[in-house]
Amino acid sequence: MEFSIKSGSPEKQRSACVVVGVFENRKLTLPAGSIDKVANGYLSEIIRRGDMDGKAGSSLLLHAVPATQCDRVLLIGLGKEKEFREKEYCTAVRNAIKALNETGATDGTLFLTTIAVRKCSIDWRIRQAAIIAQETLYRFEQFKSKKSKVRRPLRKLAFNVDRRSELKQAENALAQGLAIAEGVTLARTLGNLPGNVCTPGYLADTALQIARDHALDCQIIERAEMETLGMHSLLSVAKGSRQPPKLVVVHYRGAQDAKEKPMVLIGKGITFDSGGISLKPGPEMDEMKFDMCGAASVLGTLKAVARMQLPINLTVLVPTTENMPDGAASKPGDIVTSMSGQTIEILNTDAEGRLILCDALTYAERFEPQAVIDVATLTGACVIALGHVASGLFANNDGLARDLLQAGDEAQDRAWQMPLWDEYQDLLKSNFADMANIGGRAAGSVSAACFLSRFAKKFEWAHLDIAGTAWKSGADKGATGRPVPLLAHYLLKRAGKLN
Ligand code: BES
Ligand code: MN
Ligand code: ZN
0 MEFSIKSGSP
10 EKQRSACVVV
20 GVFENRKLTL
30 PAGSIDKVAN
40 GYLSEIIRRG
50 DMDGKAGSSL
60 LLHAVPATQC
70 DRVLLIGLGK
80 EKEFREKEYC
90 TAVRNAIKAL
100 NETGATDGTL
110 FLTTIAVRKC
120 SIDWRIRQAA
130 IIAQETLYRF
140 EQFKSKKSKV
150 RRPLRKLAFN
160 VDRRSELKQA
170 ENALAQGLAI
180 AEGVTLARTL
190 GNLPGNVCTP
200 GYLADTALQI
210 ARDHALDCQI
220 IERAEMETLG
230 MHSLLSVAKG
240 SRQPPKLVVV
250 HYRGAQDAKE
260 KPMVLIGKGI
270 TFDSGGISLK
280 PGPEMDEMKF
290 DMCGAASVLG
300 TLKAVARMQL
310 PINLTVLVPT
320 TENMPDGAAS
330 KPGDIVTSMS
340 GQTIEILNTD
350 AEGRLILCDA
360 LTYAERFEPQ
370 AVIDVATLTG
380 ACVIALGHVA
390 SGLFANNDGL
400 ARDLLQAGDE
410 AQDRAWQMPL
420 WDEYQDLLKS
430 NFADMANIGG
440 RAAGSVSAAC
450 FLSRFAKKFE
460 WAHLDIAGTA
470 WKSGADKGAT
480 GRPVPLLAHY
490 LLKRAGKLN
């Protein structure tokens, strides 16, 4: 798809389809009004007849509207003007792209990007539109013999701005949006790939490819070196698998001062979580191929940051392995020594995410990070707490938590903060080691975060539990690419590149 920014009146666009919005109670947006005016009330007449009520979700395709230069005009219902906020804007753009893709028009010009959204900049509207367009058009069909065919798919999409003076900043925002969309797409595709394809080796190869594409420094730590480093917690998860574990380390250096301390992102990369000896029940176990969505999201974010060439230093760590049952697998009751020296009693081999993340957290210390954010499909309990709307956020620093929550709000990829109070640490008591790897059913996502916090004492740290947000189940089963938008937005802001 080819994207561009345009400014100019809607009636003069030589486009296969011009897309304009209509609010509820028949209120035309400015561009819809301009078309209506040159067309002698053609739109208002249709609206008066009741063919388009402006309700959110409604749309109407018109052909050969008088006095316009375009082949079609697509009306998109926006709902009540008073209630038109960020979410409504995003829904309207999504509906427009869906409808546009089904019209037969191979190019379109969107005027929805000119609608004022309270407190939102032009940049935000353009960035969001680009991300939503790519998200809506995404298909994962590489394993289907017959690909779904759109008759005449959309090939060119233009976003309109009101003034020529806005073109430049809008183009910049478009570039940001497309970079983030590329990160989201990568995260979704990695997530959707089956476990027999997307193995630890595949994730490592993907990181190497990103590094090649953007001239980054990438190192893959193999089993032998993990042993030397003392990563026995990570290794204990890999013991039951035929696939060799990997620890991916990628450095993006974009800061003015090459020696500036990096931000570190860590992503859980369990390419299939069977539960191990604490085997999971059968139903929906296929969805545990998504247990590497944390890894996918940090690689996606890395891709976006590299494409935007943000002036920051970013290090991405991906501990990755399968979690499988086997004669050689870890057993409940086994005790391992983590890289930090702290010992862990593995009471449940299905609580494996924290076991691989803890060694990656300790490894991160050597970079003296500004902050560390780990992203993980860590606990079913987080899905019980927050459902599929918000990711769970935990942090040992309030400023970091606040900034991440705000980034999530602004990027429409929200998180909600959960407590990490000391009282919860008692849940992890073990009679035989420094800690157990589980804390019981109550507050399951909090005890998991508490476990991680014991390995994050030397830096500012946040943890995103994306168990409920990384993928969808049911009829539209598939990875969402979350929280790439949140992370990318947060890093854009840190880099001072947000308007
Ligand atoms: N990957 C799972 C968490 C998960 C489960 C995410 C279901 C999304 C949907 C994780 O490794 C796990 O198995 N966690 C256990 C922890 C428990 C044994 C303390 C869980 O949540 O049941
Ligand atoms: Mn598990
Ligand atoms: Zn898991």
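Residue numbers for the sequence shown follow numbering that gives the first Met the number 0, beginning at 0 and rising by one.
C-beta: ideal position from N, C-alpha, C; glycine also.
Computed from a prediction, not measured in an experiment: that's the story for all the values here.
Quick one: give me the first and last residue of the alpha helix (DSSP H) that residue i is part of.
{"i": "residue 168", "result": "166–191"}
{"i": "residue 226", "result": "222–228"}
{"i": "residue 204", "result": "199–213"}
{"i": "residue 358", "result": "352–363"}
{"i": "residue 237", "result": "231–237"}
{"i": "residue 450", "result": "443–452"}
Return yes when the Cβ of residue j is within less than 7 angstroms of the Cβ of residue i, no when it is not.
{"i": "residue 370", "j": "residue 403", "result": "no"}
{"i": "residue 199", "j": "residue 320", "result": "yes"}
{"i": "residue 55", "j": "residue 78", "result": "yes"}
{"i": "residue 207", "j": "residue 217", "result": "yes"}
{"i": "residue 366", "j": "residue 247", "result": "no"}
{"i": "residue 194", "j": "residue 271", "result": "yes"}
{"i": "residue 464", "j": "residue 336", "result": "no"}
{"i": "residue 63", "j": "residue 75", "result": "no"}
{"i": "residue 385", "j": "residue 420", "result": "no"}
{"i": "residue 169", "j": "residue 121", "result": "yes"}
{"i": "residue 316", "j": "residue 355", "result": "no"}
{"i": "residue 176", "j": "residue 302", "result": "no"}
For residue i, is the beta carbon positioned less than 6 angstroms from some heavy atom of ligand 1?
{"i": "residue 378", "result": "yes"}
{"i": "residue 350", "result": "yes"}
{"i": "residue 437", "result": "yes"}
{"i": "residue 442", "result": "no"}
{"i": "residue 159", "result": "no"}
{"i": "residue 347", "result": "yes"}
Is residue i a contact residue of ligand 2, with contact defined as CB to any heavy atom under 6 angstroms?
{"i": "residue 373", "result": "no"}
{"i": "residue 272", "result": "yes"}
Over what stretch of residues does the beta strand (DSSP E) that includes residue i continue unbroken?
{"i": "residue 159", "result": "155–160"}
{"i": "residue 287", "result": "Neither: residue 287 is in no beta strand (DSSP E) and is coded neither H nor E."}
{"i": "residue 375", "result": "370–375"}
{"i": "residue 122", "result": "Counting along the chain, residue 122 falls outside any beta strand (DSSP E), though it belongs to the alpha helix (DSSP H) covering 121–136."}
{"i": "residue 345", "result": "342–345"}
{"i": "residue 262", "result": "262–266"}
{"i": "residue 319", "result": "312–322"}
{"i": "residue 4", "result": "1–6"}
{"i": "residue 71", "result": "71–76"}
{"i": "residue 461", "result": "460–464"}
{"i": "residue 336", "result": "333–336"}
I think residue i touches residue j, with their Cβ atoms under 8 angstroms apart; what is that distance to the nearest whole Å?
{"i": "residue 112", "j": "residue 125", "result": "6 angstroms"}
{"i": "residue 9", "j": "residue 21", "result": "Not a contact, Cβ separation roughly 13 angstroms."}
{"i": "residue 458", "j": "residue 361", "result": "About 11 angstroms separates the two Cβ atoms, so there is no contact after all."}
{"i": "residue 349", "j": "residue 240", "result": "With a Cβ gap of about 14 angstroms, residue 349 and residue 240 do not count as contacting."}
{"i": "residue 191", "j": "residue 477", "result": "6 angstroms"}
{"i": "residue 46", "j": "residue 25", "result": "5 angstroms"}
{"i": "residue 429", "j": "residue 344", "result": "4 angstroms"}
{"i": "residue 290", "j": "residue 376", "result": "5 angstroms"}
{"i": "residue 73", "j": "residue 57", "result": "About 11 angstroms; that fails the 8 angstroms criterion."}
{"i": "residue 470", "j": "residue 395", "result": "Not really, about 28 angstroms apart at Cβ, beyond 8 angstroms."}
{"i": "residue 67", "j": "residue 38", "result": "7 angstroms"}
With a threshold of 6 angstroms (Cβ to nearest heavy atom), would residue i be considered close to ligand 3?
{"i": "residue 334", "result": "no"}
{"i": "residue 269", "result": "yes"}
{"i": "residue 358", "result": "no"}
{"i": "residue 290", "result": "yes"}
Using a Cβ-Cβ distance cut-off of 7 angstroms, determine whether residue i contacts chain B.
{"i": "residue 113", "result": "Annotation note: the requested chain B is absent from the structure, which comprises a single protein chain."}
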